[in-house]
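Here is the structure we will look at.
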Ligand code: PEP
Ligand code: MN
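Structure below.
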């Protein structure tokens, strides 16, 4: 990691980057008001650190001890904040993503979109390719589900988030969604991570069922190293010996991740607990602990949901939960992203690739 002197010029930064490239390494520059930091990655261990260090425009050359670099706070000391369909992610405002586990029908996703929007959500979630434990369970509607989501988006103005399970699905997904979700089971699908790293669409990366915080950051590094810097990390509970809940929420992961990385960190209280009754408490805890957002399963009729009904909130319970979460956000000097006016805004769907 090369720390440039505070007043380093663009020309000087480019000269350093060139030197890095001449040595068969790749350079990523993080330039901001406080100065520039150049992250250097690659396998050539003979980079002339002393030569670089001797340049007057270079303040310091550090060997990175973490196995991830672009994801680290050392490379990017300020929080990553990026615009997303009319609001920002990673800043003071907390966005809420909500919707059913699966898109089940046109009526169901439209009703869900209208209900979560009325309660104050900022984006709509819904799976059209579902990673089910049994190959005989509902696997998702596929493309027609994406069309229904696009319709729900057009009606409500809410941007849409859906899980991509394989590289083969990627071109189709990019035509429809505003944010891709990489599910817990695919967190270490490195070829999928590389493929989404080549796009410029925001990626919600869920923590694997048995992944450590470092495993999650290494997975994010795959996406970042492809040049896609819009990665959102998501804690969704991990496997432990506890059976009272579907997973165990690792609340610790929020402050730990916030210390180690500049990337936004959100929490999914639905998969983390597996029971609608516990979702509001864990959602409040997440925001109190510093989460930058929530992704929550909400269904107009949870009892008849085709997947994850037990952990899905009704629209009324979701609205009640958001009122509590809003108060918690304000107590920790944050606020919820204000709900959109009813006019659909210009959206990004289909503009990625
Ligand atoms: C989901 O969001 O519906 C889902 C399958 O989540 P996870 O990958 O966290 O299990
Ligand atoms: Mn689900």
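In this note's numbering, the protein residues as written are 56 to 408. For every residue, glycine included, the Cβ atom is placed at its ideal position computed from N, Cα and C.
Three-state secondary structure (DSSP) of residue i
i: residue 313; result: helix
i: residue 200; result: helix
i: residue 161; result: helix
i: residue 278; result: helix
i: residue 169; result: helix
i: residue 87; result: strand
i: residue 325; result: helix
i: residue 270; result: helix
i: residue 94; result: strand
i: residue 288; result: strand
i: residue 249; result: helix
i: residue 106; result: helix
i: residue 216; result: strand
i: residue 335; result: helix
i: residue 303; result: strand
i: residue 81; result: strand
i: residue 344; result: coil
i: residue 349; result: strand
i: residue 210; result: helix
i: residue 148; result: strand
i: residue 153; result: strand
i: residue 128; result: coil
i: residue 123; result: coil
Short Cβ contact (8 Å threshold) for residue i with residue j
i: residue 274; j: residue 248; result: yes
i: residue 216; j: residue 196; result: no
i: residue 315; j: residue 302; result: no
i: residue 107; j: residue 58; result: no
i: residue 94; j: residue 121; result: no
i: residue 351; j: residue 153; result: yes
i: residue 168; j: residue 213; result: yes
i: residue 263; j: residue 234; result: no
i: residue 158; j: residue 164; result: yes
i: residue 322; j: residue 297; result: no
i: residue 102; j: residue 78; result: yes
i: residue 367; j: residue 354; result: yes
i: residue 147; j: residue 390; result: yes
i: residue 324; j: residue 349; result: yes
i: residue 285; j: residue 137; result: yes
i: residue 179; j: residue 208; result: yes
i: residue 72; j: residue 84; result: yes
i: residue 105; j: residue 317; result: no
i: residue 388; j: residue 145; result: no
i: residue 338; j: residue 380; result: yes
i: residue 240; j: residue 186; result: yes
i: residue 174; j: residue 374; result: yes
i: residue 313; j: residue 345; result: yes
Residue span of the beta strand (DSSP E) that contains residue i, given as start and end
i: residue 259; result: 258-261
i: residue 143; result: 142-144
i: residue 115; result: 113-116
i: residue 175; result: That residue, residue 175, is in no beta strand (DSSP E); it is neither H nor E in DSSP.
i: residue 138; result: 137-139
i: residue 58; result: 57-59
i: residue 235; result: 234-237
Residue i beta carbon near ligand 1 (any heavy atom closer than 7 Å)
i: residue 154; result: no
i: residue 186; result: yes
i: residue 239; result: yes
i: residue 182; result: yes
i: residue 218; result: yes
i: residue 323; result: yes
i: residue 291; result: yes
i: residue 261; result: yes
Residue i - containing alpha helix (DSSP H), residue span
i: residue 179; result: Here residue 179 belongs to no alpha helix (DSSP H); instead the beta strand (DSSP E) covers 178-180.
i: residue 379; result: 370-386
i: residue 72; result: 65-77
i: residue 226; result: 225-231
Supposed close pair residue i, residue j - CB separation, criterion 8 Å
i: residue 278; j: residue 259; result: That pair is no contact at about 11 Å.
i: residue 357; j: residue 364; result: 5 Å
i: residue 383; j: residue 342; result: 5 Å
i: residue 394; j: residue 177; result: 7 Å
i: residue 205; j: residue 245; result: Incorrect: roughly 30 Å between the Cβ atoms, too far for contact.
i: residue 61; j: residue 90; result: 5 Å
i: residue 300; j: residue 329; result: 6 Å
i: residue 276; j: residue 126; result: 5 Å
i: residue 236; j: residue 218; result: 4 Å
i: residue 340; j: residue 306; result: 6 Å
Cβ-heavy atom distance, residue i to ligand 2, below 7 Å
i: residue 352; result: yes
i: residue 76; result: no
i: residue 330; result: no
i: residue 135; result: no
i: residue 363; result: yes
i: residue 359; result: no
i: residue 131; result: no
i: residue 317; result: no
Below-8 Å beta-carbon distance, residue i vs any chain B residue
i: residue 313; result: Of the chains in the structure shown, none is chain B; there is only one protein chain.
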